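Protein chains in written order, with the numbering used here: chain S, 1 to 272; chain W, 1001 to 1577.
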């Protein structure tokens, strides 16, 4: 399948630190792709580069053939890329429904004066937006929680609400930053199923950063491994699990010479 | 941990109270307030201050004692109150003794013999001891007050506060009532004296409030549930009635209050107008704009230059044409000034806008631009608004004749301001409920995330900024016709600060909060002329107390309530879940 996102030689520096170093990266359309790597490997920085939070220093990123690396975050969102955050960043003091409605901002066009006058157009637009928000709320299993403040929702519900808010922008590519962080194995399983549903039912391409190896290995069609800002491996889950450089990055030098069999076991143990 | 000795705790509270008493005395508050009676011939507002301090000290000491013991121990409570009161009196006594033997006036201008005479009750000798004795007795009463059950204490507290309130505003009520005809006038003279309440009036108010308060405490719950269980239509009628009553008072007051109070009310209404404007910028979008006065000035000058029959009048259009132009010009300047700085965040924005306010004021008042804006002499001869046909321009320095109703009196301008305020409140309300309101709220909560959801930050912030500017311009326009002239020197930073402060005190983002805030922060100091000398002291104190005690404001918006009372919100959530 044709790639929906192509990143070429992307480099991002913070002063003297090279956070992302000349990374080439592609996401095939309607696939589920993961980026993994030890802490501080530059995964979230790479996410930020894609969504326009940080301008890249070298290289290019294009989305469906359009160069996006010079665009503002809101322009990139309009093209169809949306994201969630590692530490949930909901609008904590707005209700669940309001959070989703903010996500629909892109599709609402009423200028301020017609909002003041309350023209039929505006009222129609608002009514549809509300219906759509309600639908999304149901989609993420938060039916009836619409009037609750985001901050008062339980942790798992907050994660789902954040995804619903991201979905409200009607993305073609959804970036999930550690969606299963803080979840127990059962919740992680539900999440895996949910992410699959997003792809299968809504046709959204998914890119995720994840630490839970069970989730990563169970769901990804393609995995890229970053370490110290550099891409050290990519391939299918099976290929990654047996790649000596990956094992080295995760378990430290020496692990690779210990004998593949042994290391493999340890890797999986840690991952599980 | 060893528990604090209650006597020591009481002494500390007493000393603190004493320091406050000395402070109030030395800044001259006691002496100035002495000219005002709370109850005629019995107690003046000035003497009321140290009494209130001793009483509060006694009360707090008694409360502390109960806290230390974990229960009320009547004897100890009274003792601690006595000690606290004693110390407040002692400190004042030291001040008097020190002040009468050494001349303090080189440093403390107010430490005059009159003051000390006042503090010693006009007695030649023995006055100091009396001061300590009174302090101790009042402290004892304060301590005992804490021991009263809430059921008795609460009505009494309310009655005391009501008395202070009535004393402060007795002049206002007197004037209003005297203008109401023979019988009301008689009643006014029965209740109020020249500078405070009469004894009869005070007693009536005191027992009246106690009675109402007791009734409310015992029956209020029932009334509330009655209202809550009323059918929808009934509730609506009730609400409409309340609104009508408020509207009747708000619209009728300037007609019966005489020119001075009418003037104050116009000023309040103008601040409400500007507060509603800044509320969009600051309250909704969270942009702290300290240069609000710039747009006020731009609106004022635009109307001035377009309508003045004085030497600086550029055009001679009617007020009704000039106002929309002024609003548009202010909005345009909002865009011009906003674009470069709206990328700046938080505190930096405040500093940048602070600069604008000053630049506009200095430019308007400068000799360099005096050809256009009149420099320090200002623009004068501004035509009053005319409902009807305005005579064509004849010649400079001659006001044109209005063939209809001329809005010349402050009362007339007041109605103009009220209509404008209602219009702005409506616009603000509609905007808040729209996609823009949500976008502003999102930006206020988390700018990065808002941007990542497709909100164009510059555009959205700029709109909030421009709308705020437009309403400030409208405020300036109305102010101009109220005064009939513009001087750059009246466009001070304090105007901007007033508007920000009234929004914060009233409740960020809350429309009724703006009204409450303007009445408290602008109206009260204008009405209480004795206070005006200590205006900034009270202003600062009020702000600090507000931030500590009620940071969400006097009439907070729903979302602010949520933000600042997470614990409560969580409880509610737990109940509904």
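By construction, the Cβ of each residue, glycine as well, lies at the ideal position given by its N, Cα and C atoms.
Just so it is clear, the structure is predicted and the values come from calculations on it, not from any experiment.
Pair within 9 Å by beta-carbon distance, residue i and residue j
| i | j | result |
| --- | --- | --- |
| residue 109 of chain S | residue 132 of chain S | no |
| residue 51 of chain S | residue 73 of chain S | yes |
| residue 1335 of chain W | residue 1465 of chain W | yes |
| residue 1110 of chain W | residue 1025 of chain W | yes |
| residue 176 of chain S | residue 201 of chain S | no |
| residue 172 of chain S | residue 224 of chain S | no |
| residue 20 of chain S | residue 226 of chain S | yes |
| residue 1493 of chain W | residue 1357 of chain W | yes |
| residue 1185 of chain W | residue 1177 of chain W | yes |
| residue 1501 of chain W | residue 1521 of chain W | yes |
| residue 130 of chain S | residue 96 of chain S | no |
| residue 1140 of chain W | residue 1081 of chain W | yes |
| residue 1094 of chain W | residue 1006 of chain W | no |
| residue 1478 of chain W | residue 1420 of chain W | yes |
| residue 1238 of chain W | residue 1143 of chain W | no |
| residue 187 of chain S | residue 156 of chain S | yes |
| residue 61 of chain S | residue 69 of chain S | yes |
| residue 1254 of chain W | residue 1414 of chain W | yes |
| residue 1014 of chain W | residue 1061 of chain W | yes |
| residue 1134 of chain W | residue 1054 of chain W | yes |
| residue 1486 of chain W | residue 1300 of chain W | yes |
| residue 1138 of chain W | residue 1058 of chain W | yes |
Residue-level contact to chain W via CB, residue i, 9 Å cutoff
| i | result |
| --- | --- |
| residue 129 of chain S | yes |
| residue 141 of chain S | no |
| residue 246 of chain S | no |
| residue 63 of chain S | no |
| residue 164 of chain S | no |
Any chain S beta carbon closer than 9 Å to residue i
| i | result |
| --- | --- |
| residue 1433 of chain W | yes |
| residue 1277 of chain W | no |
| residue 1177 of chain W | no |
| residue 1209 of chain W | no |
| residue 1284 of chain W | no |
| residue 1430 of chain W | yes |
| residue 1438 of chain W | yes |
| residue 1568 of chain W | In this prediction, residue 1568 of chain W has a pLDDT of 47, which is less than 50 and means its spatial position is unreliable; nothing more can be read from the coordinates. |
| residue 1577 of chain W | Note on residue 1577 of chain W: pLDDT 39, under 50, position unreliable in the model; the coordinate value appears next. Residue 1577 of chain W counts as touching chain S. |
| residue 1450 of chain W | yes |
| residue 1427 of chain W | yes |
| residue 1455 of chain W | yes |
| residue 1467 of chain W | yes |
| residue 1111 of chain W | no |
| residue 1026 of chain W | no |
| residue 1445 of chain W | yes |
| residue 1442 of chain W | yes |
With 16 other Cβ atoms within 10 Å as the buried cut-off, status of residue i
| i | result |
| --- | --- |
| residue 178 of chain S | buried |
| residue 1046 of chain W | buried |
| residue 1285 of chain W | buried |
| residue 1023 of chain W | exposed |
| residue 1433 of chain W | exposed |
| residue 1440 of chain W | buried |
| residue 1397 of chain W | exposed |
| residue 185 of chain S | exposed |
| residue 113 of chain S | exposed |
| residue 1074 of chain W | exposed |
| residue 1498 of chain W | buried |
| residue 1459 of chain W | exposed |
| residue 1240 of chain W | exposed |
* Secondary structure, beta strand (DSSP E): runs of 3+ residues fully inside the stretch 150-183 of chain S -> 173-177
Going along the chain, which unbroken runs of the alpha helix (DSSP H) with 4 or more residues stay wholly within the stretch 1373-1406 of chain W? none
Sequence ranges, beta strand (DSSP E) only - wholly within the stretch 35-88 of chain S, length at least 3: 58-63, 81-83
Please list the segments of the alpha helix (DSSP H) lying wholly inside the stretch 1155-1206 of chain W, counting only runs of 4 or more residues, in order along the chain.
1182-1191
Within 8 Å, do at least three Cβ pairs link the stretch 1497-1517 of chain W to the stretch 1481-1488 of chain W? no
Counting beta carbon pairs with one atom in the stretch 46-66 of chain S and one in the stretch 8-16 of chain S, are three or more of them shorter than 8 Å? yes
For the stretch 1263-1281 of chain W and the stretch 1459-1474 of chain W, state whether three or more C-beta atom pairs, one from each stretch, are separated by less than 8 Å. yes
May I ask you to verify whether the stretch 1098-1116 of chain W touches the stretch 1028-1036 of chain W, counting CB pairs closer than 8 Å and requiring at least 3? yes
Are at least three pairs of beta-carbons, each pair with one atom in the stretch 1375-1385 of chain W and one in the stretch 1396-1412 of chain W, less than 8 Å apart? yes
The stretch 1287-1296 of chain W in contact with the stretch 1309-1325 of chain W per 3-pair CB rule at 8 Å: no
Notebook entry, point to check: Taking only runs of the alpha helix (DSSP H) that begin and end inside the stretch 1024-1066 of chain W, which ones reach a length of at least 4 residues, in chain order?
Noted result: 1029-1033
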